[in-house]
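So the sequence shown is numbered by numbering that gives the first Met the number 0: it starts at 0 and just counts up by one. Where a beta carbon is used, it is the ideal one built from N, C-alpha and C, also for glycine. Quick notes on the structure that follows.
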Amino acid sequence: MRIRAVTEDELPLLSELERAAGTPFAAIGMPEVAEDEPPAPEELAHYLEHGVALVAQAPDGTIAGYLLAEPVDGSLHIEQVSVHPDHARRGIGRALIDHLAGHEGADAPALTLTTFADVPWNAPYYARCGFRPLADAELTPGLREIRRKEAEHGLDRWPRLCMSRDLSRGRNA
0 MRIRAVTEDE LPLLSELERA AGTPFAAIGM PEVAEDEPPA PEELAHYLEH GVALVAQAPD
60 GTIAGYLLAE PVDGSLHIEQ VSVHPDHARR GIGRALIDHL AGHEGADAPA LTLTTFADVP
120 WNAPYYARCG FRPLADAELT PGLREIRRKE AEHGLDRWPR LCMSRDLSRG RNA
């Protein structure tokens, strides 16, 4: 699996991948998430200029997964990690996150994200990837704004939380 930056002509592929990656939510009683329309390529283009957009490319050239992140209150906030179901359970999501932490996140003290608390491939998965839940008092203004927008979008119908992965440990001062 090769991890690299997304190209502009691949943005429509990310929308297609997101649609496929959302289908397992229907099987766990979250059809609204499965049926949610993915961001349009024009919306995804934001990450090419103002954030990070990475893909995991399979040996056959197909895009197996992607990650979007941008700076939020000094940390690097992961907006989305998606892996196509045909490539699931092969460490692709973790590889994308670890790549972000090691390369793009070199100057950030932490990676943050928001996620569903009770979905096995969400919060429990991110905990295995080194993330910890943030207490309400730890939320920055930017994370509070992200959570507010998620609530407006109806995502608070299911328990959600913010998580953080420290990147400062083990660095030379």
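Problem set entry | Nearest-angstrom Cα separation, counted from residue 129 out to residue 140 | 23 Å
Problem set entry | Between the CA atoms of residue 108 and residue 169 - distance to the nearest angstrom | Reliability fails at residue 169, whose pLDDT of 48 lies under 50, so the model's placement of it is uncertain and no value is given.
For this session: Measuring alpha carbon to alpha carbon, tell me which of 158, 99, 84 and 151 ends up nearest residue 50.
Result: 99
For this session: Compare the beta carbon distance of residue 91 and residue 13 with 9 Å and say whether it is the shorter of the two.
Result: no
Problem set entry | Whole-angstrom distance between residue 145 and residue 89, CA atom to CA atom | 29 Å
For this session: Mind listing, in chain order, the continuous alpha helix (DSSP H) runs of no fewer than 4 residues lying wholly within the region 29-103?
Result: 30-34, 40-43, 45-49 and 91-98
Problem set entry | Buried versus exposed, by CB contacts within 10 Å (16 or more), residue 172 | Confidence at residue 172 is low in this model, with a pLDDT of 40, below 50, so its placement is unreliable and no value can be given for it.
For this session: Measure the CB-CB distance between residue 132 and residue 161 and report whether it falls below 9 Å.
Result: yes
Problem set entry | Pair within 9 Å by beta-carbon distance, residue 56 and residue 2 | yes
Exercise. Which of the three DSSP states, helix, strand or coil, is assigned to residue 107?
Worked result: coil
Problem set entry | Anticipated Cβ contact below 8 Å, residue 74 with residue 110, distance rounded | 7 Å
Problem set entry | DSSP three-state assignment for residue 132, whether helix, strand or coil | strand
Exercise. Candidates 18, 69 and 137: which alpha carbon is nearest residue 37's?
Worked result: 18
Problem set entry | Boundaries (first-last residue) of the alpha helix (DSSP H) holding residue 163 | Looking at the DSSP string, residue 163 is not in any alpha helix (DSSP H); the run it does join, the beta strand (DSSP E), is 159-165.
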